[in-house]
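Count along the sequence shown from 1, add 464, and you get the number used in my numbering. For glycine and all other residues, C-beta sits at the position ideal for the given N, C-alpha and C. Please read these numbers as outputs of a predicted model, since none were measured by experiment.
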Amino acid sequence: FNQEVSINPVGQMPKQSKGTQPTVAVIGCGPGGMFFLHALETRRRELQAKGDTEGLASLPIATCFEKSSEPGGVWRAKRGESDSTNMYEALWTNGPKEGIEFFDYHFDDHFHRPLPVYMPRQPLLEYMLCRVTRNCPHFFDAVRFNTSVTSVVYNEEAEKFIIFSTDYETGKETTEEFDKCIWAAGENGKPRMPTSISTMLESGGFKGKAMHSSATENFEADVKGKKVVFIGDAYSSEDLALQAVKL
């Protein structure tokens, strides 16, 4: 989920004392954020099985910030949340499923049936969520949902990241220090509709409804029985055009 973050240097702050576990801030709980947390959890279980206390002591402590109420990033489609990514229900993968299957959790393990070459949004999201939670039911305890990172400040001398965040539910603003910061929010958090397109439609006297592909929660009611023009030939245009002809 795209977060608007400014990064600026600040003055000197105390360094972390030696011997403590490093801390990591992860911004975004889409696939990137989830899979980083999953890699840490997998490594933790491996070290526990070996009885490697030294290795466990050196593992980072991760805190993930997610501005929406659920994980999944662009694969989510929940409506009603302000300023968050919304995908259309007709979203499909643009690559064959064989290229996105996890080595540690096969499609057969999850679906137990044959699958289409290109996967629809909802089953793929469920597959990703099950992969990270099947060995760790409390996987998302490290994630702060409904929390937006408003600013990231790096202190070069102290070698620390200062994270400023806001809890949407309580309005509480928090400032914390981390040794590392991972941007896992991607670049798809806000719809982009070129102003030149809007200007062209207005100057041409267009009286119909113009919408971005992410604003299609009432797609059938908006387009059924009407002439529809798709501007652009990217994947979302192809997906929605196919959905439109089936109405």
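Can you name the start and end residues of the alpha helix (DSSP H) that residue i belongs to?
i, result
"LYS531", "No alpha helix (DSSP H) contains LYS531, which DSSP labels as neither H nor E."
"ALA708", "699-709"
"LYS514", "495-514"
"THR517", "517-522"
By the 10 Å Cβ neighbour count, where 16 or more other Cβ atoms means buried, how is residue i classified, buried or exposed?
i, result
"HIS502", "buried"
"ILE627", "buried"
"MET664", "exposed"
"GLU505", "buried"
"TYR591", "buried"
"PRO535", "buried"
"GLY563", "exposed"
"GLY494", "buried"
"SER470", "Because the pLDDT at SER470 is just 45, under 50, the model does not fix this residue reliably, and the value given afterwards should be weighed accordingly. Flag for SER470 reads exposed."
"SER700", "buried"
If contacts are defined as beta-carbon pairs under 8 Å, then residue i and residue j qualify, I think. What distance do you get, rounded to the angstrom?
i, j, result
"GLY497", "VAL488", "That pair is no contact at about 11 Å."
"LYS531", "SER612", "4 Å"
"CYS594", "HIS570", "Going by Cβ atoms, the distance from CYS594 to HIS570 rounds to 12 Å, so no, they are not a contact pair."
"PHE500", "ARG608", "Between ARG608 and PHE500 the Cβ distance is about 15 Å, and since that is not below 8 Å, they are no contact."
"SER522", "GLN485", "7 Å"
So with Cβ pairs under 8 Å, would you call residue i a contact of chain C?
i, result
"GLY497", "Looking at the structure shown, chain C is missing, and only one protein chain is on hand."
So, for residue i: in the same chain, excluding its five sequence neighbours on each side, which residues have a beta-carbon less than 7 Å away from its beta-carbon?
i, result
"MET551", "VAL538, TRP539, ARG540, ALA541, ARG585 and SER678"
"LEU555", "ARG585 and ASP703"
"ARG707", "According to the sequence shown, residue 707 is Gln rather than Arg. Counting only Cβ-Cβ distances below 7 Å, and skipping sequence neighbours, we find ALA554 and PHE683."
So the beta strand (DSSP E) residue i belongs to, where does it begin and stop?
i, result
"PHE628", "624-631"
"THR663", "Counting along the chain, THR663 falls outside any beta strand (DSSP E), though it belongs to the alpha helix (DSSP H) covering 659-667."
"GLU640", "637-642"
For residue i, which residues in the same chain have their Cβ closer than 6 Å to its Cβ, ignoring the five residues on either side in sequence?
i, result
"THR634", "none"
"PRO655", "HIS676 and SER678"
"THR614", "PHE628 and THR630"
"LEU511", "GLY519 and LEU520"
"MET557", "Note that residue 557 is Thr in the sequence shown, not Met. Taken in chain order, the residues that qualify are TYR582 and MET583."
"VAL709", "none"
"TRP647", "ILE491"
Can you find a heavy atom of the ligand FAD that lies under 7 Å from the Cβ of residue i?
i, result
"GLY515", "Ligands in the displayed structure: none, and consequently the ligand FAD is not present."
Between residue i and the rest of its own chain, which residues show a CB-CB distance below 8 Å, the 5 nearest in sequence each way excluded?
i, result
"LYS673", "ASP686"
"TYR632", "LYS531, ASN610, THR611 and SER612"
"LYS561", "PHE571, LEU579, PRO580, VAL581, TYR582 and MET583"
"ASP697", "none"
- prompt: Enumerated in chain order, which unbroken segments of the beta strand (DSSP E) with a length of 3 residues or greater are wholly contained in the segment 573-626?
  reply: 611-619
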